[in-house]
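As structure tokens, the structure follows; a few thoughts come after it.
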Amino acid sequence: MNNKFSVNDCCVVELPIVHNESGNISVLENHQNIPFDIKRIYYLYDVPMGAERGGHGHYGLQQYVVAASGSFTFVLDDGKNKKEVFLNHPNKALHIKPGIWREMKDFSSGSVCLVLASMEYTESDYMRDYQEFLNFRNG
Ligand code: T46
Numbered sequence: 628m629n630n631k632f633s634v635n636d637c638c639v640v641e642l643p644i645v646h647n648e649s650g651n652i653s654v655l656e657n658h659q660n661i662p663f664d665i666k667r668i669y670y671l672y673d674v675p676m677g678a679e680r681g682g683h684g685h686y687g688l689q690q691y692v693v694a695a696s697g698s699f700t701f702v703l704d705d706g707k708n709k710k711e712v713f714l715n716h717p718n719k720a721l722h723i724k725p726g727i728w729r730e731m732k733d734f735s736s737g738s739v740c741l742v743l744a745s746m747e748y749t750e751s752d753y754m755r756d757y758q759e760f761l762n763f764r765n766g
């Protein structure tokens with residue numbers, strides 16, 4: 628038994644929509660509706676048809692992931708259980724906790740994957756080898 632997060636701790640959060648006749652706005656704001664300080668924002672786009680990304684875990688990073696446009700699927704893995712999450716609307720954010728392996732697939736044409744991250748880019752925070760990930764999970 629350890630106190631690491633499981634795939635069941637990674638939930639889809641519904642963001643409020645501010646709507647008027649000109650369209651919608653959804654907001655993620657530090658200290659309001661996101662449970663960590665946003666240190667970095669990045670987005671994946673122009674992902675070729677059939678491409679898969681991810682294939683790594685992070686020791687400390689947590690993220691909110693939003694399908695800003697289009698759709699894609701995250702496969703989350705805690706070393707024991709896997710969970711697939713399909714994101715297809717900008718008012719839904721997937722909260723990925725630390726220590727979770729992820730793969731991304733089925734990007735629709737023109738999709739944009741927006742990521743709000745709790746840490747600056749740090750290569751040493753990555754586990755890019757699955758056995759290293761399992762050692763971390765079981766350690
Ligand atoms: C995740 C998904 C959604 C940087 O130089 N700075 C950055 O902030 C990032 C995120 C990446 N890079 C470089 C490092 C690699 O040479 O871009 C290259 C690809 O990065 P990465 O392997 O992280 O890319 P993805 O798309 O597989 O994964 C990224 C996140 O890292 C990951 O945690 O959940 O986006």
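Quick note on numbering: this note's numbering labels position 49 of the sequence shown as 676, and the sequence is numbered without any gaps.
Glycine is no exception: its CB is placed at the ideal position from the N, C-alpha and C atoms.
(request) Please go through the same chain and pick out, in chain order, the residues whose beta-carbon is closer than 6 Å to the beta-carbon of Val692, but skip the five residues on each side of it. (result) Same-chain partners within the cutoff: Leu721, Val742.
(message) Is the separation between the beta-carbon of Glu747 and that of Lys666 shorter than 7 Å?
(response) It is a contact, given that the beta carbons lie within the stated cut-off.
(request) Give me the Cα-Cα distance between Cys740 and His683, rounded to the nearest whole angstrom. (result) Going by the C-alpha atoms only, they are around 17 Å apart.
(message) Classify Gln689: buried if its beta carbon has 16 or more other beta carbons within 10 angstroms, exposed otherwise.
(response) Flag for Gln689 reads buried.
(request) Check Val739 in the structure and name its three-state DSSP category. (result) Val739 carries a strand assignment under DSSP once its states are collapsed to helix, strand and coil.
(request) Can you tell me which of the three DSSP states Asp705 falls into? (result) Three-state DSSP puts Asp705 in coil, outside helix and strand.
(request) Please report the residue range of the alpha helix (DSSP H) in which Ser757 lies. (result) A small correction: the amino acid at residue 757 is Tyr; Ser does not occupy that position in the sequence shown. Element bounds for Tyr757: 757-765.
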